[in-house]
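Peer 1: My structure is below; once you've seen it, I'll send some questions.
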Amino acid sequence: MMSTAWNILILCVYLVEVILLAQADRQLWGTLFTPLNALSLPFTAILFLTLCMPSSLGFVPFYYPCLLIWMGGLALMAIPSWLLGYVSYKKHGAAQYNFNSIENERILLIVTFLLIVPFVFRLREMTATSLESFGSDEFGEQFAIYGFFGHLLIFLSACSILCFSCIRKGNRLFPIAAIVLVAALAFVNQVKSWVIIPLLAGLWLCLMTNRIRLSIKLIILVFIGGLFLFVASYLVIFILGAGAEYNANMGEYIGQHALHYLCSGILGLSEDIRQGILETADPDKLFAPFINLAHFFTGEEYIVPTNPEYLTINTITARDDNVRTFFGTIYVNCSPCLFGLIVVLWSFFLYTIRILSLRTRSMYFAAMDAWFCSLLCMGWFEYYFFHVTTYEIPIFLCLIYIIHKLSASKQNGNDCIAQL
Numbered sequence: 175m176m177s178t179a180w181n182i183l184i185l186c187v188y189l190v191e192v193i194l195l196a197q198a199d200r201q202l203w204g205t206l207f208t209p210l211n212a213l214s215l216p217f218t219a220i221l222f223l224t225l226c227m228p229s230s231l232g233f234v235p236f237y238y239p240c241l242l243i244w245m246g247g248l249a250l251m252a253i254p255s256w257l258l259g260y261v262s263y264k265k266h267g268a269a270q271y272n273f274n275s276i277e278n279e280r281i282l283l284i285v286t287f288l289l290i291v292p293f294v295f296r297l298r299e300m301t302a303t304s305l306e307s308f309g310s311d312e313f314g315e316q317f318a319i320y321g322f323f324g325h326l327l328i329f330l331s332a333c334s335i336l337c338f339s340c341i342r343k344g345n346r347l348f349p350i351a352a353i354v355l356v357a358a359l360a361f362v363n364q365v366k367s368w369v370i371i372p373l374l375a376g377l378w379l380c381l382m383t384n385r386i387r388l389s390i391k392l393i394i395l396v397f398i399g400g401l402f403l404f405v406a407s408y409l410v411i412f413i414l415g416a417g418a419e420y421n422a423n424m425g426e427y428i429g430q431h432a433l434h435y436l437c438s439g440i441l442g443l444s445e446d447i448r449q450g451i452l453e454t455a456d457p458d459k460l461f462a463p464f465i466n467l468a469h470f471f472t473g474e475e476y477i478v479p480t481n482p483e484y485l486t487i488n489t490i491t492a493r494d495d496n497v498r499t500f501f502g503t504i505y506v507n508c509s510p511c512l513f514g515l516i517v518v519l520w521s522f523f524l525y526t527i528r529i530l531s532l533r534t535r536s537m538y539f540a541a542m543d544a545w546f547c548s549l550l551c552m553g554w555f556e557y558y559f560f561h562v563t564t565y566e567i568p569i570f571l572c573l574i575y576i577i578h579k580l581s582a583s584k585q586n587g588n589d590c591i592a593q594l
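According to the numbering used here, the sequence shown is numbered sequentially starting from 175.
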């Protein structure tokens, strides 16, 4: 009885904290779509979904004290938000989310379509010559995970985020076609997160720049769309990859796997804390892309950031997982003091990007802001900041921005010469 009361108290305090912090961030930054809310609100929604799972499905009970990690993490993340928000408000006034449209939208769309063409030929060649089946993980890895085509696909993902800003009345067909085609190419890779996150970033960009409004209908459509991509991914694996025929057992398996995916981060953290944290703390994993870049020049062995500790979170299906949510992965890899420092530093970085986008009113920096927020939206699953792709997208967005500025400067120079 005492344990139940304690669990209810923890959950209630957590909910009060989320509501208060969300409201404070909204008042301070003039929008609901802030980095803090990108992290807390989706996590809370998936948390309630996890808590509502009936015991008959076999999921392990949730260990409520693990919420203390998220309560501490959100409170720490709010500190830079308030400091930077207050300074920004005093210096520049209330935040205004009026961003300049991309001037050369047509060029962006043309380049995006042209860069899709090599992938079409590559896909055609691989389906004819590869020993791996289309739809398999091995086929996807050969297609565009590493090397030139891997980086080119990430560049296209950056372009697809910008394409969302091109969608408007009278100009919907070509931007939407570009977005769908890039998502389809990413879908071939069979890495669901890197299909969903760029689409989520584009949607976040539209919401943050007031191109569309948040509604219950939109939330339901996004949830259904995410499930559709997940289910379609496994149908491709089983039907096209393995040559199987759809049946009730396949549908049940996919449904169980979808629920496992949704609950894996939260229940993975829950079980890890319940068992006393199985991982050996290694803060270097949290900054693996930067450390591996240094190791590239020194010749040292690369860091593998993925968690080696797998935990069973479902006693019926016996499926294991190694993800621990955003704050959970940080916490199990370092001391409490270092945890606080890392969270605060990330928060300063994320809100600095927000200020940069607001001050420049550039759609390119707004897209970068939306990209990082979309990664935080997936914080209920994992800490995505130890992946190289996390930083490649902003680098490519900056590259496109620089090219845009150089071309604009050249055009202005030509106009001045013409006037003379």
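Quick reminder that beta carbons are idealized off the backbone N, C-alpha and C, glycines included.
Apart from the five residues on each side of it in sequence, which residues of its chain come closer than 8 Å, Cβ to Cβ, to residue 419?
Peer 2: Result list for residue 419: 413, in chain order.
Peer 1: Identify the residues that DSSP records as bridge partners of residue 233: which are they?
Peer 2: Residue 233 is bridged to 488.
Peer 1: Compute the distance between the beta-carbons of residue 209 and residue 476, then report whether it is under 8 Å.
Peer 2: Result no, Cβ atoms of residue 209 and residue 476 do not sit closer than 8 Å.
Peer 1: State the CB to CB distance for the pair residue 214 and residue 192, rounded to an integer number of angstroms; the pair is presumed to be in contact (CB under 8 Å).
Peer 2: Contact holds; Cβ gap of about 5 Å.
Peer 1: Within the same chain, show all residues whose beta-carbon is closer than 6 Å to that of residue 353, passing over the 5 residues directly before and after it, in chain order.
Peer 2: Closer than 6 Å at the Cβ level, and outside the excluded window around residue 353, lie 334, 337.
Peer 1: Thinking C-alpha only, which one of 250, 186, 330 is nearest residue 563?
Peer 2: Selected option, being the one with the closest Cα: 330.
Peer 1: Report the rounded CA-to-CA distance for residue 175 versus residue 241, giving the unit in angstroms.
Peer 2: Because residue 175 sits at a pLDDT of 48, beneath the cut-off of 50, its placement in the model cannot be relied upon, and the following sentence gives the value as read from the coordinates. Residue 175 and residue 241: Cα-Cα distance of roughly 19 Å.
Peer 1: By DSSP's criteria, residue 334 is part of a beta bridge. Which residues make up the other side?
Peer 2: Partner(s): none; residue 334 has no beta bridge.
Peer 1: Buried or exposed: which applies to residue 383, given that a residue is buried once 16 or more other Cβ atoms fall within 10 Å of its Cβ?
Peer 2: Per the 10 Å Cβ criterion, buried.
Peer 1: Assess, as a yes-or-no matter, whether the segment 434-442 is touched by the segment 493-513 under the definition of 3 or more beta carbon pairs within less than 8 Å.
Peer 2: Cβ pair count under 8 Å is three or more, so yes.
Peer 1: Do residue 237 and residue 447 have their CB atoms nearer than 8 Å?
Peer 2: The answer is yes: Cβ separation under 8 Å.
Peer 1: Buried or exposed for residue 481, please, with buried defined as at least 16 other CB atoms from any protein chain shown within 10 angstroms of its CB.
Peer 2: Label assigned to residue 481: buried.
Peer 1: State yes or no: is the C-beta of residue 553 within less than 8 Å of the C-beta of residue 250?
Peer 2: No, the Cβ-Cβ distance between residue 553 and residue 250 is not below 8 Å.
Peer 1: Return helix, strand or coil for residue 456, following the three-state DSSP convention.
Peer 2: The answer is coil: DSSP assigns residue 456 none of H, G, I, E or B.
Peer 1: Quick one: measure Cβ to Cβ for residue 491 and residue 430, integer angstroms, because I've assumed they're closer than 8 Å.
Peer 2: So it is a contact: roughly 6 Å between Cβ atoms.
Peer 1: Would you decide whether residue 498 is buried or exposed? Buried here means 16 or more other CB atoms lie within 10 Å of its CB.
Peer 2: Under this definition residue 498 is a buried residue.
Peer 1: Keeping to the same chain, check which residues put their C-beta closer than 6 Å to that of residue 311; ignore five residues upstream and five downstream.
Peer 2: 364.
Peer 1: With residue 260 as the anchor, note down where its alpha helix (DSSP H) starts and where it stops.
Peer 2: That run of the alpha helix (DSSP H) goes 241-266.
Peer 1: I'd like the list of long-range same chain contacts for residue 254, defined as Cβ closer than 7 Å, with 5 residues on each side in sequence excluded.
Peer 2: Closer than 7 Å at the Cβ level, and outside the excluded window around residue 254, lie 518, 521, 522, 525.
Peer 1: Using a Cβ-Cβ distance cut-off of 8 Å, determine whether residue 399 contacts chain B.
Peer 2: In summary, chain B is missing from the structure at hand, where a single protein chain is found.
Peer 1: Decide if residue 180 is buried, meaning its Cβ has at least 16 other Cβ atoms within 10 Å, or exposed.
Peer 2: Result: exposed.
Peer 1: Is it the case that the Cβ atoms of residue 318 and residue 295 are separated by a distance below 8 Å?
Peer 2: It is not a contact, given that the beta carbons lie outside the stated cut-off.
Peer 1: Rounded to the nearest angstrom, how far is the Cβ of residue 398 from that of residue 355, given a contact under 8 Å?
Peer 2: The pair is not a contact, with the Cβ atoms about 21 Å apart (cut-off 8 Å).
Peer 1: Per DSSP, residue 536 forms a beta bridge with which residues?
Peer 2: DSSP output for residue 536 lists 274 as bridge partner(s).
Peer 1: Short of 8 Å in beta carbon distance, which residues of its chain neighbour residue 575, apart from the five on each side in sequence? Order them along the chain.
Peer 2: If we look at residue 575 and ignore the five residues flanking it on each side, its Cβ neighbours are 536, 538, 539.
Peer 1: So, with DSSP's three-state summary, where would you put residue 384?
Peer 2: In the structure shown, residue 384 sits in coil (DSSP, three-state: anything other than H, G, I, E or B).
Peer 1: Is the beta carbon of residue 559 closer than 8 Å to that of residue 571?
Peer 2: No; because the gap between Cβ atoms is not below 8 Å, this pair is not in contact.
Peer 1: For residue 567, is the classification buried or exposed, using 16 other Cβ atoms within 10 angstroms of its Cβ as the cut-off for buried?
Peer 2: By the neighbour-count rule (16 or more Cβ atoms within 10 Å), residue 567 is buried.
Peer 1: Using the three-state DSSP reduction, which class does residue 175 fall into: helix, strand or coil?
Peer 2: Note that residue 175 has pLDDT 48, beneath the 50 cutoff, so the model's placement of it is unreliable and the number below is only indicative. In the structure shown, residue 175 sits in coil (DSSP, three-state: anything other than H, G, I, E or B).
Peer 1: Could you pull the start and end residues of the alpha helix (DSSP H) that residue 391 belongs to?
Peer 2: 390-409 is the span of the alpha helix (DSSP H), which, as asked, contains residue 391.
Peer 1: Between which two residues does the alpha helix (DSSP H) containing residue 224 stretch?
Peer 2: Segment 209-225, the alpha helix (DSSP H) holding residue 224.
Peer 1: Could you give the DSSP three-state label for residue 580: helix, strand or coil?
Peer 2: Helix.
Peer 1: Tell me, to the nearest whole angstrom, how far the beta carbon of residue 196 is from that of residue 211; I am working on the premise that it is less than 8 Å.
Peer 2: Going by Cβ atoms, the distance from residue 196 to residue 211 rounds to 5 Å, so yes, they are a contact pair.
Peer 1: Where do the ends of the alpha helix (DSSP H) carrying residue 501 lie?
Peer 2: From DSSP, the alpha helix (DSSP H) with residue 501 extends over 500-506.
Peer 1: Could you tell me the distance, in whole angstroms, from the CA atom of residue 178 to the CA atom of residue 226?
Peer 2: One C-alpha to the other measures close to 16 Å.
Peer 1: What separation, rounded to the nearest whole angstrom, lies between the Cα atoms of residue 484 and residue 444?
Peer 2: Cα to Cα, residue 484 sits roughly 13 Å from residue 444.
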